[in-house]
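One structure is given here, and the rest of the page talks about it.
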DNA sequence: AGGGTAACCTGTATGC
DNA sequence: TGCATACAGGTTACCC
């Protein structure tokens, strides 16, 4: 369950049902579910066995559980279809069960990683203490803080947007600029901010950036309060329950339905091998940044977006 | 250097 | 019914 609110729902479940428990065994049923571990699945299992999970952490869409083996942690990414479930030991195996973790207190259930598309997985890493960044797994050092992180640096984010020569939705999905935002919440926040997804980031003023970030936080907090967004049984919490934020979506998945602000039919456009949903009236496409040079002798070429100061 | 695209997978929905 | 195609909430390697 991919974006920040859904991952946070899972983190809370792990914190409650997995943290503090001692691991007795790990069964890897699909080799690809263990990521970036050259020593292989058997070694992965051996390094977990006998250790205890610490508190559940999250940055953006990544989750991790430190082990009582100091400086070592288990990192999880759900990809497009991954689930972390706490199941009674006797429950029938799910069709796409990839990894099973059993504990010294079996009455508390076992932890299962289930993943239809195998874009997600678990991996084992060193947890580094980065002076300015807190403790986080070494391989996600490039992942930016997420908008719900109290230490998210809004000023630096805005500076980065101004410097980039890209469009606003691309930037929102760039996990090295801001993490946790995916296709759904990007479309929702852009709709709320009345910004077209192809708006150049360099054209955003500081107040616009502040406003956009406010909408991202609002929609994510609202989704979190509703248990996340679920379209089907693929996206569930650790107890297998769906969130119900889908009914509150204003943009995502609403092609041809009336904009909840102005009534204009919403549109869907193919975008980066997926879709963007927007209101053509509330979120008009940006004007081209540069005018085509006029023929010599004509009135003058006007450059609409000359950058201020040299 | 940084932006943009294709690939990694399995399943479901839709149209012919 | 069968078959082909499009699409799905993410990330990465690799083009240019």
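In the UniProt record's numbering, the protein residues as written are 1 to 310.
The beta-carbon is built from N, C-alpha and C at its ideal position, and this holds for glycine as well.
These numbers come from a predicted model, not from an experiment.
A distance below 7 Å between beta-carbons, with the five flanking residues on each side excluded, links residue 110 to the following residues of its chain, in chain order: 87, 89, 100, 101, 102 and 103. Straight across, the Cα-Cα distance linking residue 244 with residue 250 is about 14 Å. In this structure, DSSP gives residue 140 a helical state, which the three-state scheme calls helix. For residue 98, the closest of 143, 153 and 45 by C-alpha to C-alpha distance is 45. Within the same chain, and ignoring the five residues on either side of residue 199 in sequence, the residues whose Cβ sits closer than 7 Å to its Cβ are 167, 168 and 286. The continuous stretches of alpha helix (DSSP H) do not include residue 2, and DSSP gives it neither H nor E. Sixteen is the threshold: when 16 or more other Cβ atoms of the shown chains lie within 10 Å of the Cβ of residue 276, as they do, the residue is buried.
A buried status is given to residue 266, since no fewer than 16 other beta-carbon atoms sit within 10 Å of its beta-carbon.
By alpha-carbon distance to residue 182, the top candidate from 189, 188, 173 and 190 is 173.
Spanning the alpha carbons of residue 61 and residue 112 requires a straight line of approximately 18 Å. Scanning 252, 63 and 22 for the CA closest to the CA of residue 188 turns up 252. In its chain, beyond the 5 residues on either side, 145 have a beta carbon closer than 6 Å to the beta carbon of residue 152. Only buried fits residue 10, as 16 or more other CB atoms lie within 10 angstroms of its CB. Residue 179 sits in coil when the DSSP states are folded into three classes, being neither helix nor strand. Distance from the CA of residue 31 to the CA of residue 47, rounded to the nearest whole angstrom, comes to 16 Å. Counting every other CB atom within 10 Å of its CB across the protein chains shown gives residue 220 a total of 16 or more, marking it as buried.
Counting only unbroken stretches of 4 or more residues, the alpha helix (DSSP H) elements lying wholly within the segment 99-165 are 154-163, in sequence order. In the DSSP assignment, residue 25 falls within the unbroken beta strand (DSSP E) covering 23-28. Distance from the CA atom of residue 261 to the CA atom of residue 70, rounded to whole angstroms, is 52 Å. Going by beta carbons, residue 35 and residue 123 fall inside the 8 Å limit.
Along the length of the segment 184-225, whole alpha helix (DSSP H) runs at least 4 residues long occupy 206-225, reported in chain order. Between residue 28 and residue 41, the C-beta spacing is below 8 Å. Of the other Cβ atoms in all chains shown, fewer than 16 fall within 10 Å of the Cβ of residue 263; this residue is therefore exposed. Taking a C-beta distance under 8 Å as the contact criterion, residue 278 and residue 197 qualify as a contact pair.
Look at the beta carbons and you see the segment 77-85 touching the segment 48-67: at least three pairs across the two are nearer than 8 Å.
Residue 161 places its beta carbon less than 8 Å from that of residue 204.
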